[in-house]
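**Student:** Chains as they are written, first to last, in full-length UniProt numbering: chain A, 1 to 198; chain B, 1 to 198.
Glycine residues also receive a C-beta, built at the ideal position from the N, C-alpha and C atoms.
The structure displayed is predicted, hence computed values, not measured ones.
I am attaching a structure below and will ask some questions about it afterwards.
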């Protein structure tokens, strides 16, 4: 609209998730008109982050070092390993404050139609990690989607020969969920997996 | 969360309009995990845009050159001048395709409580621009807010001594608007400003 570089900025902003053409335009105008300093800071932060952030060599979460803080920590329970699909899941579980063990990030889920098999999400590497006997329990925290469930089941099979306990995060009605609005699949699973209270 | 640079990127993304902490986190993860190339491109576009985009010396819209394309254009009607509050308004009117004259961007509206008077939004400069007699009609397209209306009225007063026609963009029920949902102030104004059809 105003100039080539303005249009290029609008286009570049559209790579952000859930930013459409209108929002991108509004963002570009906001940056140019009201916060150039912020725009320069954002450019710097993007460059730094892309240059320095990479996978942790142990758990495959994100870090700036060879090994991430969680893997290095001596205060976390090494006998407990939580398997998740992505670093976003590590973040979600950490923010819930409900877990003090270590993580393993698969980097995806099994999806044979897309050519993603056990090798592509490093399952042999995970099985190898479990084979030294340090980990006593693996919490399977893949998503509660069809693919996430399949990946969890595959992992149970793949670790059958190891003396490690495999658990799955609970599935049921979410906190604050009103039964009226919960989908019937979730509800039937919640009834099926009911817990004894007395 | 993962590292200092990750947190800095999340913070930097929060300067974008309507991006809260959760969205910023999601954006940062998306960029780092799925689109590093896009992130590098965005950093470049931000740097270029902040370095090269500035105000047009005539109309105060945005340009990379001394004078913007619209001011330079010989195909646009020089006798028609549209006064708007910001470059975003120029963009909106251009996208509506309803105007083929030239623009003047005030860069704000009168707001005495915030210390923004006629000088701060360059009204003397605009009056000077109109005084050479080239412009026959000024379309006041400031926002239909209290400040925008006040600014429009002030401009009418400030140009009283000039032989230029001043018009205000129409105010009324928006296209597709159902009367049931239109606020009563808009509706009373729409009745007051009714147009003869026969």
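Can you give the beta carbon distance from residue 86 (chain A) to residue 105 (chain A), rounded, assuming they're within the 8 Å contact cut?
**Tutor:** Here the question's residue 86 (chain A) lines up with position 86 in the first chain. Here the question's residue 105 (chain A) lines up with position 105 in the first chain. Sure, about 6 Å apart at Cβ, within 8 Å.
**Student:** Within the same chain, show all residues whose beta-carbon is closer than 8 Å to that of residue 79 (chain A), passing over the 5 residues directly before and after it, in chain order.
**Tutor:** The sequence position of residue 79 (chain A) within the first chain is 79, counting from 1. Answer for residue 79 (chain A): 101, 134, 135, 136 and 137, listed in chain order.
**Student:** Does the stretch 6-15 of chain A touch the stretch 32-51 of chain B, meaning 3 or more C-beta pairs lie closer than 8 Å?
**Tutor:** Yes, since at least three Cβ pairs between the stretch 32-51 of chain B and the stretch 6-15 of chain A fall closer than 8 Å, the two stretches touch.
**Student:** Anyone know if the C-beta pair for residue 31 (chain B) and residue 27 (chain A) falls short of 8 Å?
**Tutor:** Indexing the second chain from 1 puts residue 31 (chain B) at position 31. Indexing the first chain from 1 puts residue 27 (chain A) at position 27. In this structure, residue 27 (chain A) does not lie closer than 8 Å to residue 31 (chain B) by Cβ.
**Student:** Does any CB atom of chain B fall closer than 8 Å to the CB of residue 82 (chain A)?
**Tutor:** Taking the first residue of the first chain as position 1, residue 82 (chain A) is located at position 82. No, residue 82 (chain A) lies away from the interface with chain B (no Cβ there is under 8 Å from its Cβ).
**Student:** How about residue 123 (chain A) and residue 170 (chain A): are their beta carbons less than 8 Å apart?
**Tutor:** Your numbering for residue 123 (chain A) matches position 123 in the first chain. Your numbering for residue 170 (chain A) matches position 170 in the first chain. In this structure, residue 170 (chain A) does not lie closer than 8 Å to residue 123 (chain A) by Cβ.
**Student:** Figure out for me which residue from A:99, A:188 and A:150 has the closest Cα to the Cα of residue 110 (chain A).
**Tutor:** Residue mapping note: residue 110 (chain A) aligns to position 110 of the first chain, counting from 1. Of the candidates A:99, A:188 and A:150, the one whose C-alpha sits nearest the C-alpha of residue 110 (chain A) is A:150.
**Student:** What does residue 103 (chain A) pair with, by DSSP beta-bridge criteria?
**Tutor:** As a first step, residue 103 (chain A) is located in the first chain; it is residue number 103 there, counting from the start. DSSP lists A:82 as partners of residue 103 (chain A).
**Student:** Count the other C-beta atoms from every protein chain shown that fall within 10 angstroms of the C-beta of residue 92 (chain B), then say buried if there are 16 or more, exposed otherwise.
**Tutor:** Mapped onto the second chain, residue 92 (chain B) falls at position 92. Its Cβ having fewer than 16 others within 10 Å, residue 92 (chain B) is exposed.
**Student:** If we ignore side chains and look at the alpha-carbon of each, how far apart do residue 191 (chain B) and residue 177 (chain B) end up?
**Tutor:** In the second chain, counting from the first residue as 1, residue 191 (chain B) sits at position 191. In the second chain, counting from the first residue as 1, residue 177 (chain B) sits at position 177. In a straight line, the C-alpha of residue 191 (chain B) is about 14 Å away from that of residue 177 (chain B).
**Student:** Going along the stretch 31-57 of chain B in order, which residues come within less than 8 Å of chain A, judged by CB to CB distance?
**Tutor:** Flagged, chain order: 31, 32, 33, 35, 36, 38, 39, 40, 41, 42, 43, 44, 45, 46, 47, 48, 49, 50, 52 and 53.
**Student:** Given this structure, state the Cα-to-Cα distance separating residue 55 (chain B) from residue 63 (chain B), to the nearest angstrom.
**Tutor:** Position 55 of the second chain, counted from the first residue, corresponds to residue 55 (chain B). Position 63 of the second chain, counted from the first residue, corresponds to residue 63 (chain B). The alpha-carbon atoms of residue 55 (chain B) and residue 63 (chain B) are separated by roughly 6 Å.
**Student:** Taking Cβ to Cβ, would you say residue 84 (chain B) is nearer than 8 Å to residue 145 (chain B)?
**Tutor:** Numbered from 1 along the second chain, position 84 holds the residue referred to as residue 84 (chain B). Numbered from 1 along the second chain, position 145 holds the residue referred to as residue 145 (chain B). Not a contact, by the Cβ cut-off of 8 Å.
**Student:** Taking the beta strand (DSSP E) that residue 194 (chain A) belongs to, which residues open and close that run?
**Tutor:** As a working mapping, residue 194 (chain A) is identified with position 194 in the first chain. Where residue 194 (chain A) is concerned, there is no enclosing beta strand (DSSP E), given that its DSSP letter is neither H nor E.
**Student:** Which chain B residues are close to residue 88 (chain A), counting only those with a beta carbon under 7 Å from its beta carbon?
**Tutor:** To locate residue 88 (chain A), count along the first chain from 1; it is residue 88. In chain order: 29.
**Student:** On the three-state DSSP scale, how would you describe residue 109 (chain B)?
**Tutor:** Taking the first residue of the second chain as position 1, residue 109 (chain B) is located at position 109. Three-state result, residue 109 (chain B): coil.
**Student:** Report the option in A:114, A:73, A:166 and A:59 whose CA atom is closest to the CA atom of residue 129 (chain A).
**Tutor:** Locating residue 129 (chain A) in the first chain gives position 129, counting from the first residue. Comparing Cα-Cα distances from residue 129 (chain A) to each of A:114, A:73, A:166 and A:59, the minimum goes to A:59.
**Student:** Assuming residue 140 (chain B) is part of the beta strand (DSSP E), what are its boundary residues?
**Tutor:** Numbered from its first residue, the second chain carries residue 140 (chain B) at position 140. Residues 137-140.
**Student:** If the cut is a Cβ gap below 9 Å, which residues of chain A does residue 8 (chain B) touch?
**Tutor:** Against the second chain, residue 8 (chain B) aligns to sequence position 8. Within chain A, the residues near residue 8 (chain B) are 41, 44, 45, 48 and 49.
**Student:** Identify, in the order they occur along the chain, each residue of the same chain with its Cβ nearer than 8 Å to the Cβ of residue 173 (chain A), setting aside the five sequence neighbours on each side.
**Tutor:** For the purposes of this step, residue 173 (chain A) is taken as the residue at position 173 of the first chain. Within the same chain, residue 173 (chain A) has close Cβ partners 179, 182, 186, 187 and 190.
**Student:** Which class does residue 171 (chain B) belong to by DSSP, given the choice of helix, strand or coil?
**Tutor:** Along the second chain, read from residue 1 onward, the residue named residue 171 (chain B) stands at position 171. Reduced to three states, the DSSP call for residue 171 (chain B) is coil.
**Student:** Just to check my reading of the structure: residue 152 (chain A) and residue 29 (chain B) have Cβ atoms closer than 8 Å, yes? What is that Cβ distance to the nearest angstrom?
**Tutor:** Counting from one through the first chain, the residue named residue 152 (chain A) turns up at place 152. Counting from one through the second chain, the residue named residue 29 (chain B) turns up at place 29. Contact doesn't hold; Cβ gap of about 22 Å is too wide.
**Student:** From residue 82 (chain A) to residue 76 (chain A), what does the alpha carbon distance come to, in whole angstroms?
**Tutor:** As a first step, residue 82 (chain A) must be located in the first chain, where it is residue number 82. As a first step, residue 76 (chain A) must be located in the first chain, where it is residue number 76. Distance between the alpha carbons of residue 82 (chain A) and residue 76 (chain A): 12 Å.
**Student:** So is residue 74 (chain A) buried or exposed if we call it buried at 16+ other beta carbons inside 10 Å?
**Tutor:** Stepping through the first chain from its first residue, residue 74 (chain A) is reached at position 74. Residue 74 (chain A) comes out exposed.
**Student:** Indicate the three-state DSSP secondary structure (helix, strand or coil) for residue 178 (chain A) in the structure shown.
**Tutor:** By 1-based counting over the first chain, the position of residue 178 (chain A) is 178. It is coil, neither helix nor strand.
**Student:** From residue 161 (chain B) to residue 155 (chain B), what distance separates their C-alpha atoms?
**Tutor:** On the second chain, residue 161 (chain B) is found 161 positions in, with the first residue counted as 1. On the second chain, residue 155 (chain B) is found 155 positions in, with the first residue counted as 1. Looking at the two C-alpha atoms, the distance is approximately 11 Å.
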